[in-house]
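K.L.:
Protein sequences appear in the order of chains A and W. Reading the first sequence from the start, the letters are residues 218 to 627 in this note's numbering. Reading the second sequence from the start, the letters are residues 601 to 722 in this note's numbering. Just so it is clear, CB atoms sit at the ideal spot from N, CA and C, and this is done for glycine as well. Structure below; questions to follow.
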Amino acid sequence: VGKTVETYIVDKKKRMITDSRFIKNAILKIQVETPGTDACFSKKAAPVLYKNYQGGLVLGTQQYLPDQQWCILTEIDVREAFQPASAFRTQIIFLLIILAFFIVFFVKSAGKKFIAPITMLRDAALKVARGSYDVQVANSSQDEIGELSVTFNQMTKILASTTTQLREKNKLLQAQKEELKKFDQLKSEFVSTVSHELRTPMTIIKESIAQLLEEENMPRPEKNLLLNMAINNINRLANLINNLLDLSKIEAGKVELHKQKFNLVNLIQEVCKGFELPARQKGIDIRWKASAEAIEVFADPDKLTQVFLNLVGNSMKFVQKGYIEISALSENNHIKCIVADTGPGIGKDDLQKVFNKFQQFGHQASGGVKGTGLGLSICKGLIDLHGGDIWVESEAGEGTRFIFTLPNGQ
Amino acid sequence: MAKKILIVDDEEGIIFLIKRRLVKLGYEVTEAHNGLDGITLAKQKHPDLILLDFMMPELSGLEACRMLKSDPQYESIKIVLLTARDQQKDKDVAKEVGADGYITKPFEPDDLIAKVKELIGS
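What follows is the structure in structure tokens.
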């Protein structure tokens with residue numbers, strides 16, 4: 218029994234008739250006027266807590282003994298009665314404090330665990346928004362956030378590759394656009410140049426005929442001069458038109474080669490013969506040499522003649538003294554032809570442009586004789602058609618060598 | 601005193617024919633075959649008018665015109681550009697560089713003479 222538990226009996230006059238546990242010689246000496254005794258004798262429900270005969274707050278129970286008209290009371294000091302509860306309360310408070318610590322710790326670590334990856338995802342998303350698609354977030358967990366990270370990484374990978382593809386496509390389109398623009402520019406330059414090349418001889422023809430018509434009494438030599446000018450420029454115009462048609466046929470792939478086996482040396486001799494008279498008149502030497510008496514080629518003789526006429530004709534315009542030499546060599550798997558001259562040569566800057574359309578160089582040096590600027594483009598087109606190569610070697614003041622190759626055999 | 605005209609063109613035939621016509625009309629005519637020689641002659645002879653071809657080697661007529669028109673000493677020389685291209689763009693550029701006239705090849709002889717007379721008189 219607890220330290221403060223006491224059971225005692227009071228008679229109907231509410232005098233203690235048993236010994237008090239705490240007060241000596243208490244029998245009949247202590248008047249017990251407490252809510253406990255009041256309730257017991259009036260047979261009412263007593264309060265659980267009340268002040269006992271010593272004035273201390275107690276927890277009590279009462280039982281009325283009707284035969285003796287006594288009341289038996291058992292009381293316990295409220296502090297002792299509630300001592301386990303209070304100890305329990307202390308424990309609870311202690312536990313609550315520990316729990317609070319745990320909660321704070323948990324929230325903090327959970328914050329680290331849940332918020333840190335979300336912050337990382339947010340930062341990564343911002344980087345993606347700014348255009349850097351090579352962002353990957355670390356995936357540290359297996360939960361929804363981990364899944365989100367994996368999905369995010371997949372998304373950035375797809376975005377990165379799609380963006381790269383788009384950029385490449387864009388680049389390609391841009392390049393095509395530039396190409397088209399360049400092509401358009403070239404086309405309009407070409408039209409403008411053709412117009413210039415056609416109008417120039419037309420001007421001379423028109424003006425010389427106009428003057429012939431205006432001056433009825435023009436002396437014969439002057440008349441002849443103007444008529445010759447008109448005829449020469451009509452020829453120039455016809456030549457230009459023929460060349461333009463040839464070139465457009467070559468470029469459109471509409472030129473058919475009529476290939477056959479023949480001796481190239483014979484063809485070269487024929488070409489040289491054709492130039493003998495104008496060469497003699499100009500005081501230059503025209504000659505040929507070959508690595509063998511007969512060099513057999515499989516080619517279109519007409520087209521090959523056209524190439525030689527263009528190349529030798531070109532040299533004729535520029536060479537003032539010296540020679541023009543055509544050579545043919547049979548090499549390993551091809552035949553090499555060279556048209557070399559002792560003309561003024563071509564400067565480094567112009568060398569790459571000689572095969573371009575309407576490129577005319579140094580016609581000052583050619584004594585003002587103008588070509589169409591298409592001859593070499595046609596040569597290149599025809600040699601390309603034969604599956605050969607054509608190029609030029611020259612230096613200003615050192616003469617020029619046009620070289621082309623033809624494949625051997627069939 | 602005869603008015604002086606300089607013809608600058610890389611086409612011998614055109615120079616010959618224009619010169620022949622202008623000389624018959626009493627003009628004193630000199631010739632150059634490219635833009636650079638044209639500039640040199642223009643500075644030497646100080647002509648009243650230059651007939652200047654648009655497309656030429658060495659120095660284009662356009663550049664030659666720009667150079668002369670931007671030099672206070674020679675800006676008073678009348679310049680007529682001759683062109684065989686006939687593009688609006690070229691006409692605009694000719695105006696920009698200060699050319700006093702623009703004639704497209706092949707030209708009507710009367711148009712050329714009228715332009716010359718308009719600019720420097722007979």
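According to DSSP, what are the bridge partners of aspartate 558(A)?
P.N.:
Ile541(A) and Thr617(A).
K.L.:
When you compare the CB positions of alanine 447(A) and isoleucine 422(A), do they come within less than 8 Å of one another, or not?
P.N.:
Yes.
K.L.:
Whose C-beta lies closer than 7 Å to the C-beta of leucine 641(W) among residues of the same chain, with five residues either side of it excluded?
P.N.:
Cβ within range, chain order: Leu606, Thr630 and Ala632.
K.L.:
Quick check on arginine 416(A) - is its C-beta less than 8 Å from some C-beta in chain W?
P.N.:
Closer than 8 Å to some Cβ of chain W, the Cβ of arginine 416(A) qualifies, so yes.
K.L.:
Using CA coordinates, which residue listed in Gln393(A), Ala342(A) and Glu361(A) is at the minimum distance from lysine 374(A)?
P.N.:
It is Ala342(A).
K.L.:
Using the three-state DSSP reduction, which class does leucine 681(W) fall into: helix, strand or coil?
P.N.:
The answer is strand: DSSP assigns leucine 681(W) an E or B state.
K.L.:
Report the neighbours of isoleucine 421(A) on chain W: residues whose CB is nearer than 8 Å to its CB, in chain order.
P.N.:
In chain order: Glu611, Gly613, Ile614 and Leu617.
K.L.:
Using the beta-carbon of each residue, which ones in chain A are nearer than 8 Å to leucine 656(W)?
P.N.:
The sequence as given places methionine at residue 656(W); leucine does not occur at that position. Under the 8 Å cutoff, chain A gives no residues; its nearest Cβ is about 10 Å from methionine 656(W).
K.L.:
Residues of chain A with a CB under 7 Å from the CB of lysine 705(W): which are they?
P.N.:
Result: Arg416, Thr417 and Thr420.
K.L.:
So if I threshold CB-CB distances at 7 Å, which residues from the region 680-691 of chain W count as touching chain A?
P.N.:
So the list reads Ala684, Arg685, Asp686 and Gln687, given in the order they occur along the chain.
K.L.:
I'd like to know whether the C-beta of arginine 666(W) is nearer than 8 Å to at least one C-beta of chain A.
P.N.:
For arginine 666(W), the answer is no, since every Cβ of chain A falls outside 8 Å of its Cβ.
K.L.:
Would you grab the beta carbon distance between isoleucine 595(A) and aspartate 463(A) for me? Rounded to a whole angstrom, and I think it's under 8 Å.
P.N.:
5 Å between Cβ atoms; contact.
K.L.:
Here's the rule I'm using: 16 or more other beta-carbon atoms within 10 Å means buried, otherwise exposed. How should serine 676(W) be labelled?
P.N.:
With fewer than 16 Cβ atoms within 10 Å of its Cβ, serine 676(W) is classed as exposed.
K.L.:
Name, in chain order, the residues that DSSP records as bridge partners for alanine 447(A).
P.N.:
DSSP output for alanine 447(A) lists no bridge partner at all.
K.L.:
Shorter than 8 Å from the beta carbon of proline 672(W) to some beta carbon of chain A?
P.N.:
No, its Cβ sits nowhere closer than 8 Å to a Cβ of chain A.
K.L.:
Check whether chain W comes within 8 Å of alanine 557(A), counting only Cβ atoms and requiring the distance to be less than that.
P.N.:
Judged by the 8 Å Cβ criterion, alanine 557(A) is not in contact with chain W.
K.L.:
Indicate the three-state DSSP secondary structure (helix, strand or coil) for glutamine 581(A) in the structure shown.
P.N.:
Low confidence applies to glutamine 581(A): its pLDDT is 45, below 50, so where it sits in the model is not reliable, and the reading given next is rough at best. Of the three classes helix, strand and coil, the one that applies to glutamine 581(A) here is coil, per DSSP.
K.L.:
Are the beta-carbon atoms belonging to glutamate 468(A) and glycine 598(A) less than 8 Å from one another?
P.N.:
In contact: glutamate 468(A) and glycine 598(A) (Cβ atoms closer than 8 Å).
K.L.:
Looking at the C-beta of glutamate 424(A), does it have a partner C-beta in chain W at a distance below 8 Å?
P.N.:
So, interface residue.
K.L.:
Quick one: which unbroken alpha helix (DSSP H) runs of 4-plus residues sit fully inside the region 313-346 of chain A? Chain order, please.
P.N.:
Listed in chain order, they are 333-346.
K.L.:
Name the chain A residues that come within less than 7 Å of proline 647(W), Cβ to Cβ?
P.N.:
Near proline 647(W) there are no residues of chain A at all, since even the closest Cβ is about 21 Å away, more than 7 Å.
K.L.:
With a threshold of 16 other CB atoms inside 10 Å of the CB of lysine 520(A), please say whether the residue is buried or exposed.
P.N.:
So lysine 520(A) counts as buried.
K.L.:
Can the beta-carbon of glutamate 414(A) be found less than 8 Å from the beta-carbon of phenylalanine 572(A)?
P.N.:
Going by C-beta atoms, glutamate 414(A) is not nearer than 8 Å to phenylalanine 572(A).
K.L.:
Under 9 Å, CB to CB, which of the residues in the region 441-461 of chain A have a partner in chain W?
P.N.:
Result list: Leu442, Leu443, Met446, Asn449 and Asn450.
K.L.:
Span of the alpha helix (DSSP H) holding alanine 664(W)?
P.N.:
Segment 661-669, the alpha helix (DSSP H) holding alanine 664(W).
K.L.:
Using the beta-carbon of each residue, which ones in chain W are nearer than 8 Å to alanine 427(A)?
P.N.:
Ordered by position in chain W, the residues that pass the 8 Å Cβ test against alanine 427(A) are Pro709.
K.L.:
Is the Cβ of serine 544(A) closer than 8 Å to any Cβ of chain W?
P.N.:
With 8 Å as the cut-off, serine 544(A) does not count as an interface residue toward chain W.
K.L.:
Between the region 381-414 of chain A and chain W, which residues of the former have a C-beta closer than 7 Å to a C-beta of the latter?
P.N.:
Going along the region 381-414 of chain A in chain order, one finds Ser409, Ser412 and His413 with a Cβ nearer than 7 Å to chain W.
K.L.:
Going by beta carbon distance, what residues of the same chain come within less than 6 Å of valine 249(A), once the five residues before and after it are set aside?
P.N.:
Hits under 6 Å: Val227, Lys231, Met233 and Tyr270.
K.L.:
Am I right that aspartate 558(A) and isoleucine 541(A) are in contact with their C-beta atoms under 8 Å? What's the rounded C-beta distance?
P.N.:
Going by Cβ atoms, the distance from aspartate 558(A) to isoleucine 541(A) rounds to 5 Å, so yes, they are a contact pair.
K.L.:
When the Cα atoms are used, what is the spatial distance from histidine 580(A) to alanine 377(A)?
P.N.:
With a pLDDT of only 46 at histidine 580(A), under 50, the local geometry of the prediction cannot be trusted, and the value read off the model is given with reservation. Taking the straight line from one Cα to the other gives about 58 Å.
K.L.:
Put lysine 238(A) into one of helix, strand or coil per three-state DSSP.
P.N.:
A quick correction: the sequence has arginine, not lysine, at residue 238(A). Three-state DSSP puts arginine 238(A) in coil, outside helix and strand.
K.L.:
Give me the Cα-Cα distance between aspartate 637(W) and isoleucine 650(W), rounded to the nearest whole angstrom.
P.N.:
Their backbone Cα atoms lie some 13 Å apart in a straight line.
K.L.:
In the DSSP output, what is alanine 507(A) paired with across the bridge?
P.N.:
DSSP lists Ala545(A) as partners of alanine 507(A).
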